[in-house]
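Numbering (our numbering), first residue to last: 641 to 819.
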């Protein structure tokens, strides 16, 4: 199947930064069940399955299911995931929040992003991980993560520590481009 990853790829090699982060913090033996929220046509679930994760891709666009050939795909809204509480060990959103926050279509991008994060907090088991891959700076994204992952205020609320893992890609001058 054809796919295109706009964001950092999870590839089956030792140089995949995303793969190395996930494996270091959430090894498959301890964290086997993964949900990719807003998968688009990314290869993330297929690649994580090769590492023996049980991955489920979700997206509002039915067309995203075509790219998920060979992976489980559920057509749904990120703000209303059709899974029971604590169904997964890991939730990954890779650029979905960035797209929501940049969207002028609904006019409520930040509210949609908070709903996505609250759903991730609901479906991930205590002690599990929510990985958010973003182009936004930690100063922009961490307050949103804290708001969305902070629990529902009820008996099931749990304190979640937000950690940021960041790296810098140095770009040299190539073809007149200075990054």
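Ideal Cβ placement from N, Cα and C applies to all residues, glycine included.
Since this is a predicted model, take the numbers as computed values, not measurements.
Grab me the residues of residue 693's own chain with a C-beta within less than 7 Å of its C-beta, minus the 5 sequence neighbours each way, in chain order.
-> Taking the first residue of the chain shown as position 1, residue 693 is located at position 53. So the qualifying residues of the chain are 668, 672 and 674.
With DSSP run on the structure shown, which of helix, strand or coil describes residue 736?
-> Translated into positions along the chain shown, residue 736 becomes position 96. Helix at residue 736.
Please state whether DSSP places residue 714 in a helix, a strand or coil.
-> Taking the chain shown and counting its residues from 1, one reaches residue 714 at position 74. Three-state DSSP puts residue 714 in a strand.
Go ahead and pull the three-state DSSP assignment for residue 752.
-> Here residue 752 corresponds to residue number 112 of the chain shown, with the count starting at 1. It is helical.
Excluding the 5 residues preceding and the 5 following residue 768 in the sequence, name in chain order all residues of the same chain whose CB lies nearer than 7 Å to its CB.
-> Looking up residue 768 in the chain shown gives position 128. Result list for residue 768: 671, 728, 729 and 730, in chain order.
Report buried or exposed for residue 734, applying the criterion of at least 16 other Cβ atoms within 10 angstroms of its Cβ.
-> As a position in the chain shown, residue 734 is number 94, starting the count at 1. Per the 10 Å Cβ criterion, buried.
3-residue-minimum beta strand (DSSP E) runs that sit fully inside the stretch 665–706, ordered along the chain | 673–677 and 694–699
Do you know whose CA, among 708, 788 and 701, lies nearest residue 755's CA?
-> Along the chain shown, read from residue 1 onward, the residue named residue 755 stands at position 115. Of the listed residues, the one whose Cα sits closest to residue 755 is 788.
Does the count of Cβ pairs from the stretch 676–686 and the stretch 707–717 closer than 8 Å reach three?
-> yes
What's the gap between the Cα of residue 760 and the Cα of residue 770?
-> As a first step, residue 760 must be located in the chain shown, where it is residue number 120. As a first step, residue 770 must be located in the chain shown, where it is residue number 130. Cα-Cα distance, rounded: 7 Å.
Count the other CB atoms, across all protein chains shown, that sit within 10 Å of the CB of residue 742; report buried if there are 16 or more and exposed otherwise.
-> Numbered from its first residue, the chain shown carries residue 742 at position 102. So residue 742 ends up on the exposed side.
Helix, strand or coil: which one does DSSP assign to residue 790?
-> For the purposes of this step, residue 790 is taken as the residue at position 150 of the chain shown. The answer is coil: DSSP assigns residue 790 none of H, G, I, E or B.
Span of the beta strand (DSSP E) holding residue 768?
-> The residue given as residue 768 occupies position 128 in the chain shown. Per DSSP, residue 768 belongs to the beta strand (DSSP E) from 764–773.
Within the same chain, show all residues whose beta-carbon is closer than 6 Å to that of residue 757, passing over the 5 residues directly before and after it, in chain order.
-> The count along the chain shown starts at 1 and reaches residue 757 at position 117. So the list reads 788 and 789, once near-sequence residues are dropped.
Hey, residue 650 and residue 700 are a contact pair by Cβ (cut 8 Å); roughly how many whole angstroms apart?
-> Position 10 of the chain shown, counted from the start, is the residue given in the question as residue 650. Position 60 of the chain shown, counted from the start, is the residue given in the question as residue 700. Going by Cβ atoms, the distance from residue 650 to residue 700 rounds to 21 Å, so no, they are not a contact pair.
Apart from the five residues on each side of it in sequence, which residues of its chain come closer than 8 Å, Cβ to Cβ, to residue 663?
-> Here the question's residue 663 lines up with position 23 in the chain shown. Counting only Cβ-Cβ distances below 8 Å, and skipping sequence neighbours, we find 691.
Through-space distance from residue 713 to residue 654, alpha-carbon basis | For the purposes of this step, residue 654 is taken as the residue at position 14 of the chain shown. For the purposes of this step, residue 713 is taken as the residue at position 73 of the chain shown. Approximately 27 Å, taken between the alpha carbons.
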